[in-house]
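Chemist: In this text, residue positions in the sequence shown follow full-length UniProt numbering: the first is 1, and each later residue adds one.
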Amino acid sequence: MFLSRKHFGLTLGLLFSTSLFVYACGGGGGSSSGGGGTTTISNASQGSQAASSGTQGAQAGTGLSDLATSLGQVASGGLAKPVNPLTLQNPTYAKIVSMNNKAARSKAMQKVSARMKANSSKTSFAAFPEDTQPCTDGGSVTFTGTINDTTGAFDLDVAFTNCREDGSETDGTISLSATAPDETTLDMDMVLDGFTITDFDPADQIPYNTVLAVISATATITQGLTMTSDSAMNFDLEIDGTLTFTDDSGDTTETTAIEFNNFANAGSVTGIDTSTTTFTNELDGGITQSTTEQDGTHSVAITFTNFDSTVVAIDDQNSSTTDLTFSGTVATDFTPDEDCDIEGTFSFVTETAIRYTEGESCPVQGRIVINGNTGVDFNNDGSVDITVGSETQSFASCDELFSDCEVEDDFVDL
1 MFLSRKHFGL
11 TLGLLFSTSL
21 FVYACGGGGG
31 SSSGGGGTTT
41 ISNASQGSQA
51 ASSGTQGAQA
61 GTGLSDLATS
71 LGQVASGGLA
81 KPVNPLTLQN
91 PTYAKIVSMN
101 NKAARSKAMQ
111 KVSARMKANS
121 SKTSFAAFPE
131 DTQPCTDGGS
141 VTFTGTINDT
151 TGAFDLDVAF
161 TNCREDGSET
171 DGTISLSATA
181 PDETTLDMDM
191 VLDGFTITDF
201 DPADQIPYNT
211 VLAVISATAT
221 ITQGLTMTSD
231 SAMNFDLEID
241 GTLTFTDDSG
251 DTTETTAIEF
261 NNFANAGSVT
271 GIDTSTTTFT
281 NELDGGITQS
291 TTEQDGTHSV
301 AITFTNFDST
311 VVAIDDQNSS
321 TTDLTFSGTV
331 ATDFTPDEDC
341 DIEGTFSFVT
351 ETAIRYTEGE
361 SCPVQGRIVI
371 NGNTGVDFNN
381 DGSVDITVGS
391 ETQSFASCDE
401 LFSDCEVEDD
411 FVDL
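1. Quick check: the Cα distance between THR242 and SER390, rounded to an integer number of angstroms?
2. Shortest alpha-carbon distance to GLU183 belongs to which of PRO129, THR198, MET227?
3. Whole angstroms are fine: how far does the CA of TYR356 sit from the CA of GLY325?
4. Quick one: Cα of THR151 to Cα of GLU343, how far?
5. Answer yes or no: do ASP137 and THR146 have a C-beta to C-beta separation smaller than 9 angstroms?
6. How about the region 171-188 and the region 219-237: do they share at least three Cβ pairs that are nearer than 8 angstroms?
7. Is it right to say ILE206 is buried, meaning 16 or more other beta carbons lie within 10 angstroms of its own, or is it exposed?
8. Counting C-beta neighbours from all protein chains within 10 Å, is the total for ASP199 16 or more, i.e. buried, or is it exposed?
9. Can you tell me whether DSSP reads SER175 as helix, strand or coil?
10. Counting C-beta neighbours from all protein chains within 10 Å, is the total for VAL74 16 or more, i.e. buried, or is it exposed?
11. According to DSSP, PRO134 sits in a beta bridge with which residue or residues?
12. SER390 by DSSP, collapsed to three states: which one?
13. With DSSP run on the structure shown, which of helix, strand or coil describes HIS7?
14. Using 10 angstroms around the beta-carbon of PRO134, count the other beta-carbons present and answer buried if the total reaches 16, otherwise exposed.
15. For ILE342, name the three-state secondary structure that DSSP assigns.
16. Give the secondary structure of ASP273 by DSSP, where H, G and I count as helix, E and B as strand, and everything else as coil.
17. I need the DSSP call for ALA203, collapsed to helix, strand or coil.
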């Protein structure tokens, strides 16, 4: 299946790359400074933890971009960035994508787009009175704002009050200030205030009775999306705020919170609706993710500096492959320190693209170098070798490597 421009239009997508950091290690030990301001890696054990941090950190950043920029679909009536396949490789990502995709298709969100189109067709500049409409299964959605159809600029406040549709309930407000002169361009400022989506169990005989998951967001987002052709787009994003995902679908409740601090992402997507789609991202800024489970709360603070990644997804009738390359700097800080033996600042260079194949959770090829002295080789049998100087540490699978500094669940097969 090709990746389309409107594929997975997660409306509250924002929500974050939760499992984000299955990865990066942190901890009190081994944080001395190396060359170029990076943290010294003295042995293969430290190298393996830095490798866990880097590989999954790159995938996490990709997810942050996907989930945040997808909010643009609310303002543009459908314009959204295709979802990178690596974003969906984590179980928590997949749940959020599914939940937000359903919300994006809801009648309430369709009313937002309809309100845009209806008012822009009336006059060159119109302020429309407050309008409250019922939701399918109870509750309401209220609109106020102005639209200028000459420039495509509009201001819109949308308030959801116990709005129930298709097994989900939406509450809170979205405030938009944007320019969308046509279906190919969006420049937008968005504020989410106490915005929540609650997903209920569809198998329950009593509708809206058993909660499966809750997404909540209080955040400020600035983003631009431009379709440069039928199969290519450019995007940029800045976000500050907090996003929370509470998962009640399993035997225990798991809560993941992400705080964005001047997080910025710019990039492009080419080959949309073709068998080969290429995603580029440049990440800067900070994120702190906290996950609360039965054994307590674990958190990791991550700072990206000029962190570039490229993902090439090839999907044909016979097989699918995804190649990942990345370079730049990632700084990590874990709490509690015992979660990992090394934290600090690490620079990454990809010498051979990391390749994933359909049905496999671990790469089957690739080589990255960390801080200039640590080689990470992904082998075709799914194993991984970490080499620092003359010392090599081998892992039977990437899952074994990533569990060194695990914060979230393992990745699933592509």
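Glycine included, each C-beta is placed from N, C-alpha and C at the ideal position.
Modeler: Quick look at the numbers:
1. For the purposes of this step, residue 242 is taken as the residue at position 242 of the sequence shown. For the purposes of this step, residue 390 is taken as the residue at position 390 of the sequence shown. Each residue's alpha carbon lies about 44 angstroms from the other.
2. As a first step, residue 183 is located in the sequence shown; it is residue number 183 there, counting from the start. It is MET227 whose Cα lies nearest to the Cα of GLU183.
3. Residue 325 sits at position 325 when you count from the first residue of the sequence shown. Residue 356 sits at position 356 when you count from the first residue of the sequence shown. A small fix is needed here, since residue 325 is Thr in this sequence, not Gly. Whole-angstrom Cα-Cα distance: 12 angstroms.
4. Translated into the one-based positions of the sequence shown, residue 151 becomes position 151. Translated into the one-based positions of the sequence shown, residue 343 becomes position 343. The alpha-carbon atoms of THR151 and GLU343 are separated by roughly 49 angstroms.
5. In the sequence shown, counting from the first residue as 1, residue 137 sits at position 137. In the sequence shown, counting from the first residue as 1, residue 146 sits at position 146. For ASP137 and THR146, no; Cβs fall outside 9 angstroms.
6. yes
7. Working through the sequence shown from its first residue, we reach residue 206 at position 206. Label assigned to ILE206: exposed.
8. Mapped onto the sequence shown, residue 199 falls at position 199. When all chains shown are included, ASP199 counts as buried.
9. The count along the sequence shown starts at 1 and reaches residue 175 at position 175. Strand.
10. Start at 1 with the first residue of the sequence shown, and residue 74 comes out as number 74. Because the pLDDT of VAL74 is 49, which lies under 50, any placement of that residue in the model is unreliable, and the number read from its coordinates should be weighed accordingly. By the 10 Å Cβ count, VAL74 comes out buried.
11. Numbered from 1 along the sequence shown, position 134 holds the residue referred to as residue 134. Answer is SER140, bridged to PRO134.
12. The count along the sequence shown starts at 1 and reaches residue 390 at position 390. In the structure shown, SER390 sits in coil (DSSP, three-state: anything other than H, G, I, E or B).
13. For the purposes of this step, residue 7 is taken as the residue at position 7 of the sequence shown. Confidence at HIS7 is low in this model, with a pLDDT of 30, below 50, so its placement is unreliable and the value that follows should be read with caution. Correct three-state label for HIS7: coil.
14. For this step, residue 134 is matched to residue 134 along the sequence shown. By the neighbour-count rule (16 or more Cβ atoms within 10 Å), PRO134 is not buried but exposed.
15. In the sequence shown, counting from the first residue as 1, residue 342 sits at position 342. Residue state, collapsed to three classes: coil.
16. Looking up residue 273 in the sequence shown gives position 273. In the structure shown, ASP273 sits in coil (DSSP, three-state: anything other than H, G, I, E or B).
17. In the sequence shown, counting from the first residue as 1, residue 203 sits at position 203. In the structure shown, ALA203 sits in coil (DSSP, three-state: anything other than H, G, I, E or B).
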